[in-house]
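Residue numbers (our numbering), protein chains in the order written: chain A, 744 to 952; chain B, 744 to 952; chain C, 744 to 952; chain D, 744 to 952.
Since the structure comes first, as C-alpha cells, the remarks are kept for the end.
Number of protein chains: 4
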Amino acid sequence: MERRLTARGRERRRQLLDFAAERFATRGYHSTSVTDIIEGVGVGKGVFYWYFSSKEELFLEILREAMVELRQAQQEAIADEPDPVHRIEVGIRSSLVWLDTHRNLFALLEFAVGEERFGPALRHGQKIAVADVARQVEMGMEQGRIRHGNPELLTHAILGVTNQLTRVFIHERGGRGSDIADDAVAFCLGGLLGQDKILSSALPHTTVR
Amino acid sequence: MERRLTARGRERRRQLLDFAAERFATRGYHSTSVTDIIEGVGVGKGVFYWYFSSKEELFLEILREAMVELRQAQQEAIADEPDPVHRIEVGIRSSLVWLDTHRNLFALLEFAVGEERFGPALRHGQKIAVADVARQVEMGMEQGRIRHGNPELLTHAILGVTNQLTRVFIHERGGRGSDIADDAVAFCLGGLLGQDKILSSALPHTTVR
Amino acid sequence: MERRLTARGRERRRQLLDFAAERFATRGYHSTSVTDIIEGVGVGKGVFYWYFSSKEELFLEILREAMVELRQAQQEAIADEPDPVHRIEVGIRSSLVWLDTHRNLFALLEFAVGEERFGPALRHGQKIAVADVARQVEMGMEQGRIRHGNPELLTHAILGVTNQLTRVFIHERGGRGSDIADDAVAFCLGGLLGQDKILSSALPHTTVR
Amino acid sequence: MERRLTARGRERRRQLLDFAAERFATRGYHSTSVTDIIEGVGVGKGVFYWYFSSKEELFLEILREAMVELRQAQQEAIADEPDPVHRIEVGIRSSLVWLDTHRNLFALLEFAVGEERFGPALRHGQKIAVADVARQVEMGMEQGRIRHGNPELLTHAILGVTNQLTRVFIHERGGRGSDIADDAVAFCLGGLLGQDKILSSALPHTTVR
DNA sequence: AATGAATGAGCGTTCATTCAT
DNA sequence: GATGAATGAACGCTCATTCAT
Numbered sequence: 744m745e746r747r748l749t750a751r752g753r754e755r756r757r758q759l760l761d762f763a764a765e766r767f768a769t770r771g772y773h774s775t776s777v778t779d780i781i782e783g784v785g786v787g788k789g790v791f792y793w794y795f796s797s798k799e800e801l802f803l804e805i806l807r808e809a810m811v812e813l814r815q816a817q818q819e820a821i822a823d824e825p826d827p828v829h830r831i832e833v834g835i836r837s838s839l840v841w842l843d844t845h846r847n848l849f850a851l852l853e854f855a856v857g858e859e860r861f862g863p864a865l866r867h868g869q870k871i872a873v874a875d876v877a878r879q880v881e882m883g884m885e886q887g888r889i890r891h892g893n894p895e896l897l898t899h900a901i902l903g904v905t906n907q908l909t910r911v912f913i914h915e916r917g918g919r920g921s922d923i924a925d926d927a928v929a930f931c932l933g934g935l936l937g938q939d940k941i942l943s944s945a946l947p948h949t950t951v952r
Numbered sequence: 744m745e746r747r748l749t750a751r752g753r754e755r756r757r758q759l760l761d762f763a764a765e766r767f768a769t770r771g772y773h774s775t776s777v778t779d780i781i782e783g784v785g786v787g788k789g790v791f792y793w794y795f796s797s798k799e800e801l802f803l804e805i806l807r808e809a810m811v812e813l814r815q816a817q818q819e820a821i822a823d824e825p826d827p828v829h830r831i832e833v834g835i836r837s838s839l840v841w842l843d844t845h846r847n848l849f850a851l852l853e854f855a856v857g858e859e860r861f862g863p864a865l866r867h868g869q870k871i872a873v874a875d876v877a878r879q880v881e882m883g884m885e886q887g888r889i890r891h892g893n894p895e896l897l898t899h900a901i902l903g904v905t906n907q908l909t910r911v912f913i914h915e916r917g918g919r920g921s922d923i924a925d926d927a928v929a930f931c932l933g934g935l936l937g938q939d940k941i942l943s944s945a946l947p948h949t950t951v952r
Numbered sequence: 744m745e746r747r748l749t750a751r752g753r754e755r756r757r758q759l760l761d762f763a764a765e766r767f768a769t770r771g772y773h774s775t776s777v778t779d780i781i782e783g784v785g786v787g788k789g790v791f792y793w794y795f796s797s798k799e800e801l802f803l804e805i806l807r808e809a810m811v812e813l814r815q816a817q818q819e820a821i822a823d824e825p826d827p828v829h830r831i832e833v834g835i836r837s838s839l840v841w842l843d844t845h846r847n848l849f850a851l852l853e854f855a856v857g858e859e860r861f862g863p864a865l866r867h868g869q870k871i872a873v874a875d876v877a878r879q880v881e882m883g884m885e886q887g888r889i890r891h892g893n894p895e896l897l898t899h900a901i902l903g904v905t906n907q908l909t910r911v912f913i914h915e916r917g918g919r920g921s922d923i924a925d926d927a928v929a930f931c932l933g934g935l936l937g938q939d940k941i942l943s944s945a946l947p948h949t950t951v952r
Numbered sequence: 744m745e746r747r748l749t750a751r752g753r754e755r756r757r758q759l760l761d762f763a764a765e766r767f768a769t770r771g772y773h774s775t776s777v778t779d780i781i782e783g784v785g786v787g788k789g790v791f792y793w794y795f796s797s798k799e800e801l802f803l804e805i806l807r808e809a810m811v812e813l814r815q816a817q818q819e820a821i822a823d824e825p826d827p828v829h830r831i832e833v834g835i836r837s838s839l840v841w842l843d844t845h846r847n848l849f850a851l852l853e854f855a856v857g858e859e860r861f862g863p864a865l866r867h868g869q870k871i872a873v874a875d876v877a878r879q880v881e882m883g884m885e886q887g888r889i890r891h892g893n894p895e896l897l898t899h900a901i902l903g904v905t906n907q908l909t910r911v912f913i914h915e916r917g918g919r920g921s922d923i924a925d926d927a928v929a930f931c932l933g934g935l936l937g938q939d940k941i942l943s944s945a946l947p948h949t950t951v952r
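Given below as C-alpha cells:
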C-alpha cells in the first residue's frame, strides 16, 4: 500500500477520503458500502482498492487524519499561552470550535469508540491528546494552581465533559461550539481547582447501593 | 408483538435476552448473528422470531432494560437523601457502581451511541436520567448551593465525566467503580460549585483559533 | 458443519454433490462458480452454505467420496483372491473399470493433483491405496513371485501406468476400461516379474546427458 | 503478437517468462496474478501486455518452451544410441534427470494436465514426445526385442511410470532423479519385454466386479 | 517502450428473515 | 411453540485487461 501517487492520484484519494467521511458520519460505517462510496465519487471499484487496501483501512485513515488535525488545532491554539491553566482553558475552547466546524468527524469518533476494531487506533490517538493536557494539569499542580490529584484522571474528566457537551449541544441540537465553551470551561476549571472539602463522602449518612 | 407469554415462554425470552446481551457486549452487535444467538441458547430460528420481531428489536429491548435498571439503581440510592447536592453525589456513586457490576451493558450503551439506529432510544432514556439529575441541580441552585447556570448542561457535564471515567478506568483498564468514585465526585462537585471568577476568558489576551 | 440432516436435507446435499462433481469435471474447478452450481440445482445461495462451509470444502468432500469408493471397489474385487499376484492384477482391472464408469471423478482427481490446496487430501487418499497394493507386492516378493525391489516404488509405477492409460485411452479418447485392461496388466506384471538382467545400464556405453 | 524485439526487449521477455514460471510453479497459476509478476520483475502493467497478449498466453509459452526443452534433452541423449531398447532406456533416464533439474516446470506440467484450457497444448506436446518413443518401441518389436503390442499404448505406460515416479519421489519427497532411474528402467523394460504368459487373465477364476 | 490509473464483471460468502412441516 | 431448510439481496474484494499520457 506504500504507493507513490501522482498529483491526480492524490486528488482522487482525497475525493474518496472526503466523500467517505461524510457518508460514514451521516449514514454510519456499516450502512455505507464501498459501492456507495465509489458511486458517489463516480469511479470504478478498482479505484477504491487502488488507493485503500480495505474499507476498514479507509476508515482508519480518516480517523487518524481527524485526530491529527484536532491535535494540531489544539497545539496551535495554546502555542502562545505560557500559563498552564490558561492553556487548558484555551485547549477546551479550541477543541469545541474544531469539533463544531468538523461535526462529521466527531460522529466518526463517536462511532469508533463503540467498535472493537477501531478501539486501538482511537485509544492511541487519545493517549497522545491526553498526555498533552495531563502535562498542563501536572504543571498546574506543581504551581499550586490545581488541586492535588491524578493528572490523567482529571484530564479524562475534562475530555468527558467536552465530548458529552459536544455530542448533545452541538451534534444533536445543532448548537455552536463557542456558545457552550464558557460553560464547559467553567465546569472543568471548577473541577480542577475546587477544594477537597466539597467532597461530602466523609459525612456518615452517605451510602451507595 | 404484544404477546401473552406462559411462564416457560418468559423464561425463553429471558434466556435469549441474557445470552444476546453478553454476546453483543463481547463480540459486538454486527458480529453477533441471530444464528449465533439461537445456537448459543440451543433453539431453532423460529423461536427467535416468535419472541422478537427482529435482531434490532432485541437489541433495543436490551438497551431499554439496561437504562431502566440503571435509573432504578440511582433512584433507590438517592431515595433517602434529602439534600440535593448529596443526592447528586450519591447518584454519581451509584452510577459508577452499577456500571461496574454491569460492564457488558456499558459496552452496549457505548456502542449504541455511535449507531444512527439506536440513537433515538438512547436519547430518550438519557433524557429521563438527565431530567432526574437536572431537577436536583436546579434545587441546588435555588438553595444557593450550586452556582447559577443551565441545569441541563451541567447535568450533561456530570454525565460526560462519569461515562468517560467508566470507559477508561473501569472498562478499558478493568478498575473498580468505587476506586474512581471519589475523584469523579470531587471533579463534578467542583464543577458545580466553583465560582465564576475562575473563568479566565475575561482576560484580554485569551484567543481561540 | 456437523449438521444433523433430515431425509430431505440429505437428498439436497446429494444433489449439490452430484451436480457439482459433474460441473467441476467438465468445466473445471475454477471455472465453476458457486452460482453456477446453485442455479444448476435450482436453489438459493444460502442452501449451498447450509450444506457446505465453502466451495473448497465441497470439492474436498467429492474428492474424499471418490477415493473411498474407488478403494471399496478394489477391496471388493480382490476379496476372494488369495494369490498376491492375482490380487494385483484384479486390482488393476477393477480400478480401470471403476475409472471408466466414473470418468468425471477421474477428471477431478487429475485436477486435484496439480493444485496446492487439494494435494494433502489427495496424497492422504493415495497413501492408503498405495499401502493396500504395496502389501500385495511385498507378499509376492516373499513368495519369490515378484522380483526384489522397493514395494512402494513398484506400486507407484503401477499407479502411473493405470492413470496414464486411463487418461489417454479412456478419458481423452473415450475408450472402454476393459479394452486396455489386458495391456495394462501385461505391462505391470512384466514390470514386477521381469528379471534384473534386462537392465542394460551395466553396459559400458550407456550415458545420460 | 509477432513482434520484432530488440535485444533489450528479448531480455525483458525472458525476465517475465522466468519469473512467472517460478511463481506459477511455487504459488500456482490462479494464485499468481499479473500484478504479482510485474511487481516481481519491477515493471509496469503495460510492459506485460506489450510482450504477452494475456496471462494465459504467457503460461502457454512457458509450457511450450518446457516441452521443447525436454524433448531436446531426450533427443540429444539418444542421438548416439543405435539400439532401440537402449534408446528407450536412455530416454527414460534423461527424462528423469531433466525433470529433476527442472522441478518447477514439472509442477507446471502437472497443473496443466488438470486444466481444461491447457489440455490441448499439452496433448499436442505429448503427442510429439510419444511419437518419438513409439517409433523406438515399434523398431524393437520389428527386431523381436520387444513383445508384440500397441506401441503407442506401451509408450504411454512408460510415460505414466516416469511421471508418477517423478511426482512422488522427486517432486513430493525431494529425491534425486538418478536414484530412481534404475527402478524406472527396470520396470518399464520388464513391461516391454515380459512374455505374454505372465498374463494370468486366462485363468478361469479371475473375475472383475 | 513504459507508466500508473481506471474499469467492471464476477467472485465467494454472509445473514436477517420467511416458510413448510 | 418449535424446527431445519430455504431465500436472495447485498457485501467486501479480486484481477485480467485497457487507457491516457
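All C-beta atoms in this analysis are idealised placements derived from N, C-alpha and C, irrespective of residue type, glycine included.
{"query": "State yes or no: is the C-beta of D/G771 within less than 8 Å of the C-beta of C/Q907?", "result": "no"}
{"query": "Name, going along the chain, the residues of the segment 904-918 of chain D whose beta-carbon falls closer than 8 Å to a beta-carbon of chain C.", "result": "V904, T905, N906, Q907, L908, R910, V911, F912, E915"}
{"query": "Thinking just about the alpha-carbon of each residue, which of B/R888, B/I835, B/A764, B/E895 is nearest to the one in B/D925?", "result": "B/I835"}
{"query": "Cβ closer than 8 Å: which chain D residues qualify as neighbours of C/R770?", "result": "E859"}
{"query": "Just checking my contact of A/E853 with A/V873 at CB under 8 Å: how many whole Å lie between their CB atoms?", "result": "Their Cβ separation, rounded to whole angstroms, is 17 Å, which puts A/E853 and A/V873 out of contact at 8 Å."}
{"query": "Does the segment 792-812 of chain D come within contact of the segment 861-870 of chain D, defined as at least 3 CB pairs closer than 8 Å?", "result": "yes"}
{"query": "Say whether the segment 785-804 of chain A touches the segment 758-774 of chain A, bearing in mind that this needs 3 or more beta-carbon pairs closer than 8 Å, one atom from each stretch.", "result": "yes"}
{"query": "Tell me the residue span of the alpha helix (DSSP H) that contains A/L748.", "result": "Careful: A/L748 lies outside any alpha helix (DSSP H) and carries neither H nor E."}
{"query": "Listing by chain order, which chain C residues have their CB less than 9 Å from the CB of D/D926?", "result": "G892, N893, L896, L897, A900"}
{"query": "Could you work out which residue in B/E824, B/V777, B/H914 is closest to B/A846 when comparing CA atoms only?", "result": "Checking the sequence, you will find Arg at residue 846 of chain B rather than Ala. Minimum Cα distance to B/R846 is reached at B/H914."}
{"query": "For the pair the segment 878-895 of chain D and the segment 927-939 of chain D, tell me if three or more CB-CB distances fall below 8 Å.", "result": "yes"}
{"query": "Quick one: using the 10 Å Cβ neighbour count with 16 as the cut-off for buried, is D/H829 buried or exposed?", "result": "buried"}
{"query": "Taking only the alpha-carbon atoms, compute the straight-line gap between A/I889 and A/T749 and give it to the nearest angstrom.", "result": "51 Å"}
{"query": "Whose Cβ in chain A lies nearer than 9 Å to the Cβ of B/V856?", "result": "E853, F854, V856, G857, R910"}
{"query": "Out of B/E832, B/F767, B/V811, B/T769, point me to the one whose CA is closest to B/I923's CA.", "result": "B/E832"}
{"query": "Tell me which residue opens and which closes the alpha helix (DSSP H) that B/A924 is part of.", "result": "920-936"}
{"query": "When the Cα atoms are used, what is the spatial distance from B/L897 to B/S921?", "result": "23 Å"}
{"query": "Would B/H867 pass as an interface residue toward chain A - the criterion being a Cβ-Cβ separation below 8 Å?", "result": "no"}
{"query": "Please work out which residues of its chain come closer than 7 Å, Cβ to Cβ, to D/R756, disregarding the five sequence neighbours upstream and downstream, and give them in chain order.", "result": "L748, Y794"}
{"query": "Using alpha carbons as the reference points, say which of B/I901, B/F930, B/H773, B/E754 lies closest to A/H891.", "result": "B/F930"}
{"query": "Mind checking A/P825: buried by the 16 CB within 10 Å criterion, or exposed?", "result": "exposed"}
{"query": "Establish whether the CB of A/H773 and some CB of chain B are separated by less than 8 Å.", "result": "yes"}
{"query": "Jot down the residue ranges of each uninterrupted alpha helix (DSSP H) in the segment 751-805 of chain C, minimum 4 residues, whole runs only, in chain order.", "result": "777-784, 788-794"}
{"query": "Going along chain A in order, which residues have a C-beta closer than 8 Å to the C-beta of B/I923?", "result": "L896"}
{"query": "Quick one: does B/A763 have its CB under 8 Å from some CB of chain A?", "result": "no"}
{"query": "Cα separation between A/K870 and A/D843?", "result": "22 Å"}
{"query": "Helix, strand or coil, according to DSSP, for B/Q907 in the structure here?", "result": "helix"}
{"query": "How many Å lie between B/G787 and B/E754 at the Cα?", "result": "16 Å"}
{"query": "Would you kindly report the start and end of the unbroken alpha helix (DSSP H) that includes C/F854?", "result": "846-856"}
{"query": "Starting from B/I871, trace the alpha helix (DSSP H) both ways and give me its first and last residue.", "result": "862-885"}
{"query": "Out of B/S837, B/T775, B/E812, which one is the CA nearest neighbour of B/G868?", "result": "B/E812"}
{"query": "Am I right that D/Q817 and D/D875 are in contact with their C-beta atoms under 8 Å? What's the rounded C-beta distance?", "result": "7 Å"}
{"query": "Report buried or exposed for D/E858, applying the criterion of at least 16 other Cβ atoms within 10 angstroms of its Cβ.", "result": "buried"}
{"query": "Which residues in the same chain have their Cβ closer than 7 Å to the Cβ of B/A855, if we skip the five residues on either side of it in sequence?", "result": "L806, F861, L865"}
{"query": "Assuming D/S838 and D/T905 are in contact, meaning their beta carbons sit under 8 Å apart, how far apart are those beta carbons, in whole angstroms?", "result": "5 Å"}
{"query": "C/A929 CB to nearest chain D CB: under 8 Å?", "result": "yes"}
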